[in-house]
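Input: a single structure, listed below in structure tokens.
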């Protein structure tokens, strides 16, 4: 809101929250300076003065953690999308039904396909996730973001 009303305003955040999320939220809100709770009054005054001159004042360690976290999220998202692309829609249906705890017969009825077709899909799911059992498939799929438990 401040940046919308005063585009040239230098926003300085002073926060007790030292999380990467808080820093990124502050930057998204237009902050050019971010001070943590341990900043002294003199440091705050200096930060306001320096920020008013356009200097960016972000704690390097906190910023590095924030960037690393963002990269990890992007990497995990890409890996999830690549893994999802390896599965057919029917295999994903099977994964969800496995997570519900259904056996082959129940999955067969639910999907309207033969039990041996369900077993064929289960085998492919297990192979693609590189696991050895239905339970391991559910756990691996959940860990990789393919399904939610």
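Numbering (our numbering), first residue to last: 25 to 173.
The beta carbon of each residue, even a glycine, is placed where N, CA and C say it ideally should be.
What you are looking at is a predicted structure, and each value in this text was computed from that prediction instead of being measured.
Count the other CB atoms, across all protein chains shown, that sit within 10 Å of the CB of residue 175; report buried if there are 16 or more and exposed otherwise. Outside the displayed span of the chain (25 to 173) sits residue 175, for which this structure offers no information.
- prompt: Is the stretch 102-112 close to the stretch 54-69, with three or more CB pairs under 8 Å?
  reply: Contact check between the stretch 102-112 and the stretch 54-69: fewer than three CB pairs, one atom from each, fall below 8 Å, which does not count as touching.
Close Cβ partners of residue 42 (< 6 Å) along its chain, the five nearest in sequence each way excluded: For residue 42, where only same-chain residues beyond five positions count, the Cβ hits under 6 Å are 60.
**Report entry** Inter-stretch contact (C-beta, 8 Å, three-pair minimum) for the stretch 84-93 and the stretch 42-51
**Finding:** Touching, yes, given that three or more Cβ pairs across the two stretches are closer than 8 Å.
| query | Can you give the Cα-Cα distance for residue 135 and residue 95, rounded to whole angstroms? | reply | Cα to Cα, residue 135 sits roughly 38 Å from residue 95.
Worksheet item: Looking at C-alpha atoms only, which residue of 118, 97, 29, 152 is the closest neighbour of residue 53?
Response: Closest option to residue 53, Cα to Cα, is 29.
Report the CB separation of residue 173 from residue 104 in whole angstroms; it is logged as a contact under 8 Å. Actually they are not in contact, since the Cβ atoms of residue 173 and residue 104 sit about 15 Å apart, beyond 8 Å.
Self-check item: Whole-angstrom C-beta distance between residue 115 and residue 145, which should lie under 8 Å
Solution: In this structure residue 145 is in contact with residue 115, their Cβ atoms being roughly 5 Å apart against a cut-off of 8 Å.
- Task: Following the continuous alpha helix (DSSP H) through residue 175, name the residue where it begins and the one where it ends.
- Result: Any question about residue 175 goes unanswered here, given that the chain covers just 25 to 173.
**Item:** Other residues of its chain near residue 72: CB distance less than 7 Å, five sequence neighbours each side excluded
**Value:** Only 36 meet the Cβ criterion.
Host beta strand (DSSP E) of residue 30 (start-end): Where residue 30 is concerned, there is no enclosing beta strand (DSSP E), because DSSP gives it neither an H nor an E.
- Message: Taking the beta carbon of residue 161 as the centre, do at least 16 other beta carbons fall within 10 Å, making it buried, or is it exposed?
- Response: Looking at its Cβ environment, which holds 16 or more other Cβ atoms inside 10 Å, residue 161 is buried.
**Message:** Among the candidates 55, 131, 70, 40, whose CA atom is the shortest distance from the CA of residue 33?
**Reply:** Here the closest residue by C-alpha is 55.
Residue 91 versus 40, 124, 51, 76, residue with shortest Cα-Cα distance: Of 40, 124, 51, 76, the residue nearest in Cα terms is 51.
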